[in-house]
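All residue numbers for the sequence shown refer to the working numbering, where the first residue is 21 and numbers rise by one. Here a beta-carbon is modelled for each residue, glycine too, at the ideal position from N, C-alpha and C. The structure under discussion appears below in the form of structure tokens.
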Amino acid sequence: MLKGRHLIEPGNLSIEELDNLFSLAARIIDDPQRYSQVCRGKVLATLFFEPSTRTRLSFEAAMLRLGGSCLGFAEPNASSAAKGESLADTIRTVSCYADLIAMRNPKEGAALLGTRYSEVPVINAGDGGHHHPTQTLTDLLTIKSIKGKISGLTIGLCGDLKFGRTVHSLAKAMARYPGNRFVMISPPELEIPDYIVSRVFKPSGVSYTQVRRLEEAIGDLDILYMTRVQKERFFNEQDYVRLKDSYILDSQKMKLASPDLCVLHPLPRVNEIAPEVDSDPRAAYFRQVTYGMYVRMALIMALLGCDTEFVEELGLRKQAAQTSEIPAGAPVSLRRKRGSK
Ligand code: NCD
């Protein structure tokens, strides 16, 4: 059960919990009307100390579509942070008003800090260049829906792998599924942080390579995850200007890719995907936006404990599957085998 838990980084959810969220999201997609009042009377606070379009609005749309309500602010200047209030006091206050908090902050670790002062679950909607777990839920649900699986895939991560929090969270999550391979495509200045390589890739034994040119890698990929160069995290403008157009995906480059490639982007895009690519059936970044709202609906339901009916149903289905696979009279050895890994 996820009820009452915080979500700060992808590792906070087990593979089984992820599966349950994706199944719930799929059910909501099938029959949204059935879920349109399940969070009635509940309040979500969205506290955004950094700009956002999709993350904040998809959280709010998700809560409204579940019959709940939303409050919050879209920029720090509209809150008492502008008067010098500490994050701790803001969170303490908001947790008196809301049942759930989704927060974004430019400082790495801010959401984790928020959990210390909150009476209600905190969802990290992005903490600096660190993590963005609900974008990862979005990415995984999109991949699962389009590819039919989240394992055994070759994933190209392209662009700003240093500051891109969505990349860090996605790499961490996909490294947990068997058979995934990563191809990291970035300029030397924007390579993936060492801690992802040493604490995520190496211990999980995933295979990864590094290339500089997108043309070199694109033909081998199942998924191409494009990212924006994160202007706001640069220390000087000149470096940003020099690096911002390192990769531009256009129709010419798409010709080198497999017909089954799936192109993702957390958005917003700046120049890294030419608009001509949007009409290519392999471009999935706007479908990704839709999945983002549905998976957040599933997450909100789970953290608020409004998913009990679904969990019960899922339990019954699992029980039924077990009983049908293992007849009552089956030898004990077989029953044991089923439970073992
Ligand atoms: C991303 C973010 O904020 O990290 N956007 C998003 O949440 N969909 C990516 C970005 O800003 O480049």
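Residue environment analysis places Pro286 among the buried positions, since at least 16 neighbouring C-beta atoms fall within 10 angstroms of its C-beta. The three-state secondary structure of Asn40, taken from DSSP, is helix.
Your pair Leu284 and Tyr245 checks out as a contact, with CB atoms roughly 5 Å apart and the cut at 8 Å. In the DSSP annotation of this structure, the continuous segment of the alpha helix (DSSP H) that includes Ser78 starts and ends at 74 to 85. When the alpha-carbon of Val249 is set against those of Ser299, Cys282, Ser271, Cys178, the nearest one is in Cys178.
For Leu161, the enclosing alpha helix (DSSP H) has its first and last residue at 153 to 167.
The residues Arg76, Phe79, Glu80, Cys90, Gly92, Ala122, in chain order, have a CB closer than 7 Å to that of Thr66 in the same chain once the five nearest residues on each side in sequence are set aside.
In terms of Cβ geometry, Leu323 and Arg25 form a close pair [threshold 8 Å]. Remark: C-beta atoms of Ala45 and Ala318 approach each other more closely than 8 Å. Residue pairing of Cys90 in beta bridges, as defined by DSSP: Leu64.
No Cβ-Cβ contact shorter than 8 Å links Leu263 with Ile293.
Listed by position in the chain, the residues whose beta carbon lies within less than 7 Å of some heavy atom of the ligand NCD are Ser72, Arg74, Thr75, Gly146, His152, Gln155, Gly184, Arg185, Thr186, Thr247, Arg248, Gln250, Pro286, Leu287, Pro288.
Per the C-alpha coordinates, the member of Ala101, Phe202, Arg232, Leu334 positioned closest to Asp242 is Phe202.
Ranked by Cα distance from Asp280, the options Leu160, Ile212, Phe255, Gly239 are led by Gly239. Ala193 and Leu160 do touch by the CB rule: their CB atoms are close to 6 Å apart, below 8 Å. Look at Gln230 here: in three-state DSSP terms it is strand.
Contact annotation, Ala237 with Gly176: C-beta distance approximately 5 Å; criterion of less than 8 Å satisfied.
Using a Cβ-Cβ distance cut-off of 8 Å, the stretch 296 to 312 and the stretch 250 to 262 are not in contact, since fewer than three pairs of beta carbons, one from each stretch, lie closer than that value.
A distance of 8 Å or more separates the beta carbons of Val231 and Ile212. DSSP, read as helix, strand or coil, puts Ile243 in strand. In this structure, the alpha-carbon of Glu329 lies about 26 Å from that of Gln155. For the stretch 93 to 137, the full-length alpha helix (DSSP H) segments reaching 4 residues or more read 107 to 114, 130 to 137 along the chain.
The beta carbons of Gly199 and Gly172 sit about 4 Å from each other, so the pair counts as a contact at 8 Å. In the DSSP assignment, Arg289 falls outside any alpha helix (DSSP H), carrying neither H nor E.
Residues Cys282, Ala304 of the same chain have their beta carbon placed closer than 7 Å to that of Ile166, with the five preceding and five following residues left out of the count. Scanning its chain for C-beta atoms nearer than 8 Å, with the 5 sequence neighbours on each side dropped, one finds around Ser72 the residues Ala94, Arg124, Ala145, Gly146, in chain order.
Taking the Cα of Ile163 as reference, the smallest distance to any Cα among Leu334, Tyr311, Cys326 is reached at Tyr311.
Check the Cα spacing between Arg74 and each of Ala195, His152, Asp265: the tightest is with His152. In this structure, Gly87 sits near Gln57, with a CB-CB distance shorter than 8 Å.
In the structure shown, Met21 falls within a coil segment according to DSSP collapsed to helix, strand and coil. Nearest to Arg60 by C-alpha distance, out of Asp214, Gly184, Met321, Phe69, is Met321. CA-CA distance, Lys182 to Ala191, rounds to 12 Å. Arg201 is bridged by DSSP to Thr174, Ser227. Contact between Arg316 and Ala118 is ruled out by a C-beta separation of about 15 Å, above the 8 Å threshold. Beta-bridge analysis with DSSP links Val283 to Leu244, Ala303.
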